[in-house]
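See structure below.
Chains as they are written, first to last, in my numbering: chain A, 1 to 189; chain B, 190 to 378.
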């Protein structure tokens, strides 16, 4: 997606070989117009797949995912990183280790919102090692829902996540695919 | 806001005198159309206030706040509940205790996104004890930004948050104001 790649080059910052800082427009300060453009791009790609729900992982995926869900006219389900008091025991849960953030957390979702009749589009901001996406897939499996596709805003193609998901036969659509990061240098595929 | 009150009565659930569960349309499963209606309601109320930024607290405020920011054509800034690896040390931070969730966390924001020239509209899903909103106000103060108003989706008017904010002279606009909760009973102001 050209305008996204241009924005990454303009406002993103490669801190080292691994970390791309895009917090001025994607995951800390958020540009709503860009989120809408991203929403249309994903919605257009997946429009004939009979998506019944968009699923994302709190919290950086929520902004682009909400726009996709709005355009596809389906509910958005936010997978939670811990069980809140008001979620009670009616949840599916799975442990996820984020190598990027160096933490392990429980990803949970109410059983009420993942149904065996659902064709789910997963949306997330980054794909690196694929741990969050794999956790989301496990939750969908517990609910016997179908994962129809995964939309990623920024794929770090040099990390193992994308190959892991492709091996599962999933249709992954990444809007920006990064081949290589070096301090102050960003190279797209 | 009539359609919101109707939705709360239809799909919300009072678990006890304190907890209102609205996770089927607001903070776990999210109805994007309702978020857009909420966005228009807030944007219309605050449209003449020269808002330069919408600020929310991760993660349940993001969906309504993104819609408001989109309609007002300003950036959204998401206050983070902990410092992430890529945020570095250039942050304002303040401790917040959530009585509802029984936890204390650090609320942080990059100094780059709260400026002394900003007229900020704070948007959040719930107002109960006002701890999160007060934390957001402290961060704005550290950045010498102006808080022009606070938009709340659901105000629990029987808890102290609303009085606390009004005493500060802040224009608080709540779309649904709950006078009383009892198990299976919801009473609006």
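Where is the CB? At the ideal position from N, CA and C, for every residue including glycine. Since the model is a prediction, treat every value here as computed from it, not as a measurement.
The beta strand (DSSP E) enclosing residue i, as first and last residue numbers
{"i": "residue 105 of chain A", "result": "103 to 110"}
{"i": "residue 57 of chain A", "result": "53 to 57"}
{"i": "residue 289 of chain B", "result": "Taken as a continuous stretch (DSSP letters only), residue 289 of chain B belongs to no beta strand (DSSP E), as it is neither H nor E."}
Segment limits, alpha helix (DSSP H) that includes residue i
{"i": "residue 68 of chain A", "result": "62 to 72"}
{"i": "residue 356 of chain B", "result": "350 to 356"}
{"i": "residue 343 of chain B", "result": "Note, residue 343 of chain B: premise wrong, no alpha helix (DSSP H); beta strand (DSSP E) at 335 to 345."}
{"i": "residue 265 of chain B", "result": "From DSSP, residue 265 of chain B is part of no alpha helix (DSSP H) but of the beta strand (DSSP E) over 265 to 268."}
{"i": "residue 132 of chain A", "result": "131 to 142"}
{"i": "residue 189 of chain A", "result": "Unbroken run through residue 189 of chain A: none, as it is neither H nor E."}
{"i": "residue 31 of chain A", "result": "Element bounds for residue 31 of chain A: n/a, residue is neither H nor E."}
{"i": "residue 193 of chain B", "result": "191 to 200"}
Under the three-state DSSP convention, the category residue i falls into
{"i": "residue 373 of chain B", "result": "coil"}
{"i": "residue 119 of chain A", "result": "strand"}
{"i": "residue 194 of chain A", "result": "This structure gives no information on residue 194 of chain A, because the portion of chain A shown stretches from 1 to 189."}
{"i": "residue 20 of chain A", "result": "strand"}
{"i": "residue 127 of chain A", "result": "strand"}
{"i": "residue 179 of chain A", "result": "strand"}
{"i": "residue 238 of chain B", "result": "coil"}
heavy atom of the ligand SAM below 7 Å from residue i C-beta
{"i": "residue 257 of chain B", "result": "Ligands displayed in this structure: none; no statement on the ligand SAM is therefore possible."}
Whole-Å CB distance - residue i paired with residue j, under 8 Å assumed
{"i": "residue 178 of chain A", "j": "residue 139 of chain A", "result": "Going by Cβ atoms, the distance from residue 178 of chain A to residue 139 of chain A rounds to 27 Å, so no, they are not a contact pair."}
{"i": "residue 72 of chain A", "j": "residue 51 of chain A", "result": "5 Å"}
{"i": "residue 193 of chain B", "j": "residue 326 of chain B", "result": "Incorrect: roughly 25 Å between the Cβ atoms, too far for contact."}
{"i": "residue 63 of chain A", "j": "residue 30 of chain A", "result": "5 Å"}
{"i": "residue 355 of chain B", "j": "residue 361 of chain B", "result": "6 Å"}
{"i": "residue 198 of chain B", "j": "residue 343 of chain B", "result": "Rounded, the Cβ-Cβ distance is 12 Å, inconsistent with contact."}
{"i": "residue 37 of chain A", "j": "residue 25 of chain A", "result": "Not quite, the Cβ-Cβ distance comes to about 11 Å (not below 8 Å), so this is no contact."}
{"i": "residue 221 of chain B", "j": "residue 70 of chain A", "result": "4 Å"}
Listed from N- to C-terminal order along the chain, which residues in the stretch 26 to 52 of chain A have their beta-carbon within a distance smaller than 9 Å of any beta-carbon of chain B?
The residues in question are 27, 28, 29, 30, 31, 32, 33, 35 and 36.
I'd like to know if the stretch 121 to 131 of chain A and the stretch 139 to 151 of chain A are in contact, where contact means that at least 3 CB-CB pairs between them fall below 8 Å.
Yes, the stretch 121 to 131 of chain A touches the stretch 139 to 151 of chain A.
Check whether the stretch 109 to 119 of chain A touches the stretch 38 to 48 of chain A, counting contact only when three or more Cβ pairs, one atom from each stretch, lie closer than 8 Å.
Two segments are said to touch when three or more pairs of C-beta atoms, one from each, lie closer than 8 Å; by this definition the stretch 109 to 119 of chain A does not touch the stretch 38 to 48 of chain A.
Taking 8 Å as the cut-off, does the stretch 202 to 211 of chain B touch the stretch 44 to 62 of chain A (at least 3 CB pairs, one atom from each stretch)?
Touching, no, given that fewer than three Cβ pairs across the two stretches are closer than 8 Å.
In the stretch 246 to 267 of chain B, which residues sit with their C-beta less than 7 Å from some C-beta in chain A, listed in chain order?
Here the close residues are 247, 248, 251, 252, 255, 258, 259, 264, 265, 266 and 267.
Report yes or no: do the stretch 152 to 160 of chain A and the stretch 127 to 140 of chain A share at least 3 C-beta pairs separated by less than 8 Å?
As far as the Cβ criterion goes, the stretch 152 to 160 of chain A touches the stretch 127 to 140 of chain A, which means the pair count is three or higher.
Taking a Cβ distance cut-off of 9 Å, strictly less, list which residues of the stretch 291 to 303 of chain B are near chain A, in chain order.
Result list: 291, 298, 299, 301 and 302.
Near-chain B residues of the stretch 171 to 182 of chain A (beta-carbon distance less than 9 Å), N- to C-terminal order
Within the stretch 171 to 182 of chain A, no residue has a Cβ that lies closer than 9 Å to any Cβ of chain B.
Closer than 9 Å, Cβ to any Cβ of chain A: which residues of the stretch 303 to 316 of chain B, in chain order?
Considering only beta carbons, no part of the stretch 303 to 316 of chain B lies closer than 9 Å to chain A.
Using a beta-carbon distance cut-off of less than 9 Å, what residues from the stretch 331 to 349 of chain B approach chain A?
Against chain A - using a Cβ distance shorter than 9 Å - the stretch 331 to 349 of chain B contributes no residues.
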